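Structure first, then comments.
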Amino acid sequence: MDLLYLCRYFCDMRRHLLFFYWMLLALPLAQGQKTDTAIYDVVERLPYPLLVGCLPEQHPDWSEDSLRRCAERGLLALVSRNIRYPDEARRANLEGTVVVSFVVETDGRISQVKILKDIGGGCGAEAARVLQALDEAGLRWKPAQSGGKTVRMRQALPLRFRLEEAPPFHLNERGDSIYTLLDTLPRFRGAGEDSLIAFILRELRYPPAYRDSCKVGVVETALLVRANGSIEVENQLDFSNLGLDFQWEAIRLVNRTAGLWTPGFYQGRPVTTNVPLRVLFKSDAARCQAANDSFDRAMLLAADAADEEDLNAALDKWNQAVQLQPNNTELLYYRGSALLNLNRREEACQDFARIRQLMGVTWFESLRRVVCGW
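In case it helps, the numbering used here puts the sequence shown at residues -6 to 367.
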């Protein structure tokens, strides 16, 4: 049996959050005759983004105003997850409001994205980039209505950029403070020169009932190391859909590390943090050598793809990796992300749908629903 272990933890010593002041305004930027191509400034029914959680099918008893308010809040959350505070603006401590205008077309797409007000440092360009990227990723709008017909309408989106130091922790679903900013990382206390890697190499067991199945793949376990040194499995991802026996073995292995951890420290005190642990299951049966080699080749291709700057060249490597491991959801996710970056949304959604089919639920479900729908 072979094993590959990887434990990575990434901490930024300082972050900045972006807070938005959100509203949509109809701007009187277009006048003239009311033709099919006119851009309206006053309409009977305003446009709004068609976010999956705010559709009439999900809320048949909601009014259109309620659907619109839901969509506006959802768009705010979506923009906040995708926008990046420009480095130039952060270095110059630039803050303020950027206003971006755009036209909601009759087909639900947006066009003519323009920066009406900018604070410099790349903030205006970043706001415009995110709006354009969301449109290219497949976000559509319910178009405006006037006189019983669908019309084009210009909208304006004011975004307030404000720098603020990020808190050193986030809250999990149970309300626990999980620290992401640490002065000292959690440390595994092995016996003597024993290390966590050596411990796992010694303790991991490939489920004997599956030895001749040649199943190979990674199970990633999110290990919570609490301030008192106790541990808990918070989450688990079986990227290759190996099954319950492999998942339980990974949990059993992690639980055997109880009492062998020194917690992470922040500002001189122990805190709770999350440590991702990945274990690779490979059968040592002679007949499984080909399956093991196929997995290794796929992982090498994936590593090359991750380092590739050219998106098309990276996609070619992801395609080769997925061909070798067609049911590896981690590879499918990265290929889907590459396709999305190349504006090939339908193909990306096929990969994301395959992940959902294999796993039952995805670890990126909110993004999948926005891009691909239910």
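Virtual Cβ for every residue (Gly too), placed ideally from N, Cα, C.
None of these values were measured; they are calculated from a predicted model.
Going by beta carbons, THR265 and GLY222 fall outside the 8 Å limit.
With respect to the 8 Å criterion, ALA331 and LEU304 are classified as neighbours on the basis of their beta carbons. Taking C-alpha positions only, LEU294 is separated from PRO319 by approximately 14 Å.
Judged by beta-carbon spacing, VAL45 lies within the 8 Å limit of VAL363, meaning their Cβ atoms are closer than that value.
Under DSSP, PHE181 forms a beta bridge with TRP254. Runs of the alpha helix (DSSP H) spanning 4 or more residues and lying entirely within the region 73 to 149 occur at 80 to 84, 116 to 129, in chain order.
Here CYS116 has PRO79, ALA82, LEU87, VAL91, PHE154 as same chain residues with Cβ atoms under 7 Å from its own Cβ, once five neighbours each way along the sequence are excluded. In terms of Cα proximity to ARG147, the closest of ILE348, GLY141, ILE32 is ILE32. The beta carbon of GLU37 sits closer than 7 Å to those of GLN138, SER139, all from its chain and outside the five residues before and after it, given in chain order. Contact check for ALA126 and LEU152: beta-carbon distance about 14 Å, past the 8 Å limit, so the pair fails to qualify. With respect to LYS135, PRO263 sits apart: the two C-beta atoms are not nearer than 8 Å.
Rounded to whole angstroms, the gap between the alpha carbons of SER73 and ASP169 is 23 Å.
Within the same chain, and ignoring the five residues on either side of ILE112 in sequence, the residues whose Cβ sits closer than 8 Å to its Cβ are ALA82, LEU87, GLU88, GLY89, THR90, VAL91, PHE154.
Residue LEU68 holds the alpha-carbon nearest to the alpha-carbon of SER359 among ARG180, LEU68, ILE244, GLU196. PHE274 is bridged by DSSP to GLY210. According to the DSSP secondary-structure assignment, THR266 is paired through a beta bridge with TYR172, VAL218. With a cutoff of 8 Å on beta-carbon distance, ALA215 and ASN267 are scored as near each other.
Under DSSP, HIS163 shares a beta bridge with ILE171. Note on geometry: alpha-carbon atoms of LEU197 and VAL211 lie some 13 Å from one another. When the beta-carbon positions are compared, GLY101 and LEU48 stay at least 8 Å from each other.
Taking 8 Å as the cut-off, the Cβ atoms of TYR172 and GLY257 count as close.
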